[in-house]
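Asks: Have a look at this one.
2 protein chains.
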Amino acid sequence: MFEDEPAVDDALRALAEPRRRAILRLVASDELAAGEIAAAFDVTRTAISQHLTVLKDAGLVSERRAGTRRFYRARPEGLAGLREFLDSMWSDALDVGRRLVEAERAGDLPEASPDVA
Amino acid sequence: MFEDEPAVDDALRALAEPRRRAILRLVASDELAAGEIAAAFDVTRTAISQHLTVLKDAGLVSERRAGTRRFYRARPEGLAGLREFLDSMWSDALDVGRRLVEAERAGDLPEASPDVA
DNA sequence: TGCTAACGTTAGTGTCAACTAACAAAAGGA
DNA sequence: TCCTTTTGTTAGTTGACACTAACGTTAGCA
Chain A
1 MFEDEPAVDD ALRALAEPRR RAILRLVASD ELAAGEIAAA FDVTRTAISQ HLTVLKDAGL
61 VSERRAGTRR FYRARPEGLA GLREFLDSMW SDALDVGRRL VEAERAGDLP EASPDVA
Chain B
1 MFEDEPAVDD ALRALAEPRR RAILRLVASD ELAAGEIAAA FDVTRTAISQ HLTVLKDAGL
61 VSERRAGTRR FYRARPEGLA GLREFLDSMW SDALDVGRRL VEAERAGDLP EASPDVA
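These protein sequence lines are chains A and B, in that order.
Numbering follows the UniProt record's numbering, in which position 90 of the first sequence is assigned residue number 90; successive positions increment by one, without gaps.
Numbering follows the UniProt record's numbering, in which position 100 of the second sequence is assigned residue number 100; successive positions increment by one, without gaps.
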């Protein structure tokens, strides 16, 4: 009834964690190995590895293996769905603003009571 | 070194919850009272009230009081910071993509295998 | 006043997720 | 083969948060 695509849900849950956003910013400008990413933080490599798994499962980063090393990089397509989600919300909210202006102009804004699905 | 504005953090944490996104969609197209919003879900009014508080604190909805009732509406400005965040991330990631294309053209990309789970 | 309706707030519970420590796996060099 | 490097995985703990039930608050009416 009110669910959205799993991709949006996964991406938002992944981005809700500040450390994962920091990781994403790190690999947005450069491709880095797991160890290099971990070195930028004060937590253990284990924690970073788990964060990278979450980001990968959410489609926000890609993984490239080279020997024992794994390089990670931000995946622009992963953010696309999120942008669409925000844009639709944005335009709906703007429509409401426009409607309110019209209603105000008509002097008819006592109490909105539209039926809820 | 890696923090972002509290507004972005609050907004993302608020949107990470599926029910709060549903509420936001509900008040994006119409202004609704707390009770009307609660009636659209199977949880108690208490839970909805707490969700509304989170959304309000995150700047994602506005509150209008009329008698004992409180009307809520999506706040487009609340999504603005989030859009900027996503856009900056997006452009950075695209820069990387462009850089990779250049590297490929220079014949210097031996084993690119960016598979996404 | 007394009563009711519409909400918010607090206390308490259960679940999920972020973290650490210890272990396992895979690749490469001596 | 042995050892090191790089990384992922599992078990277990702790803190955050979504939820319910009970109570408090404010507005309107007889």
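Glycine residues also receive a C-beta, built at the ideal position from the N, C-alpha and C atoms.
Which of the three DSSP states, helix, strand or coil, is assigned to residue 64 of chain B?
Replies: The answer is strand: DSSP assigns residue 64 of chain B an E or B state.
Asks: Taking DSSP as the reference, what is the three-state secondary structure of residue 71 of chain A?
Replies: Reduced to three states, the DSSP call for residue 71 of chain A is strand.
Asks: What are the boundary residues of the alpha helix (DSSP H) that residue 46 of chain B is part of?
Replies: Taken as a continuous stretch (DSSP letters only), the alpha helix (DSSP H) holding residue 46 of chain B covers 45 to 57.
Asks: How many Å lie between residue 55 of chain A and residue 83 of chain B at the Cα?
Replies: Rounded to the nearest angstrom, the two C-alpha atoms are 19 Å apart.
Asks: I think residue 29 of chain A touches residue 42 of chain B, with their Cβ atoms under 8 Å apart; what is that distance to the nearest whole Å?
Replies: Between residue 42 of chain B and residue 29 of chain A the Cβ distance is about 44 Å, and since that is not below 8 Å, they are no contact.
Asks: Any beta carbon of chain B sitting closer than 8 Å to that of residue 13 of chain A?
Replies: True, the Cβ-Cβ gap to chain B drops below 8 Å.
Asks: Which residues in chain B have a C-beta closer than 8 Å to the C-beta of residue 49 of chain A? List them in chain order.
Replies: The contacting residues do not exist; residue 49 of chain A stays about 15 Å from chain B at best.
Asks: Answer with buried or exposed for residue 119 of chain A, where buried requires no fewer than 16 other C-beta atoms within 10 angstroms of its C-beta.
Replies: This structure cannot speak to residue 119 of chain A, because chain A is shown only from 1 to 117.
Asks: Residue 29 of chain B CB to nearest chain A CB: under 8 Å?
Replies: Judged by the 8 Å Cβ criterion, residue 29 of chain B is in contact with chain A.
Asks: Helix, strand or coil for residue 4 of chain B, going by three-state DSSP, please let me know.
Replies: In this structure, residue 4 of chain B counts as coil in the three-state DSSP scheme.
Asks: Is the beta carbon of residue 16 of chain A sitting closer than 8 Å to the one on residue 81 of chain A?
Replies: No; because the gap between Cβ atoms is not below 8 Å, this pair is not in contact.
Asks: Less than 6 Å between C-beta atoms, sequence neighbours within five positions excluded: which residues of the same chain meet that for residue 34 of chain A?
Replies: So the list reads 70, once near-sequence residues are dropped.
Asks: Please go through the same chain and pick out, in chain order, the residues whose beta-carbon is closer than 6 Å to the beta-carbon of residue 105 of chain A, but skip the five residues on each side of it.
Replies: Confidence at residue 105 of chain A is low in this model, with a pLDDT of 48, below 50, so its placement is unreliable and the value that follows should be read with caution. Excluding sequence neighbours, residue 105 of chain A sits near nothing in its chain.
Asks: For residue 24 of chain A and residue 9 of chain A, I'd like the C-alpha separation in whole angstroms.
Replies: Rounded to the nearest angstrom, the two C-alpha atoms are 17 Å apart.
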